[in-house]
Every structure is written in C-alpha cells, then in structure tokens.
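Reviewing the structure listed below.
Numbering (the UniProt record's numbering), first residue to last: 1 to 67.
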C-alpha cells in the first residue's frame, strides 16, 4: 500500500491483531503521521508512514465504500 492510497475514513486490516482481539482500524488523520482508531475497543494509535505501511495488510473499505 503506497502513501498516496491513504484517505480519511479508510478501514484497514493489520497483519497482527490488537491486544483487544480486533484487527480492523479506521484512519482518522492523514499527514506526516497516520492516526488510526481500533474498531473494536476505540484505542487510537499514531504511526509514522513507514510503520503504517509495514503493519497494514490490506484495505477493507475505502471511506464508506467496500473495496
């Protein structure tokens, strides 16, 4: 996934699940860093773009539209 593919509201699946058990996250901020929110527990995590690209497995939903 390239940095140009990231939009607000995207839902992504991570390679490893969060400790709460969820692996779906919603992008809530895009900039130099990417802020994502766990869809299961609501935890917010801020990642640098290289870390985001490494941890994301695939795009599940594009800002409200299934991919």
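By construction, the Cβ of each residue, glycine as well, lies at the ideal position given by its N, Cα and C atoms.
Look at the beta carbons and you see the stretch 30-48 not touching the stretch 58-65: under three pairs across the two are nearer than 8 Å. Per the C-alpha coordinates, the member of 30, 67, 12 and 8 positioned closest to residue 49 is 30.
Taken through DSSP and simplified to helix, strand or coil, residue 54 comes out as helix. The beta carbon of residue 54 sits closer than 7 Å to no other beta carbon from its chain once the five residues preceding and following it are set aside. Judged by their CB atoms, residue 34 and residue 6 are nearer to each other than the 8 Å cut-off.
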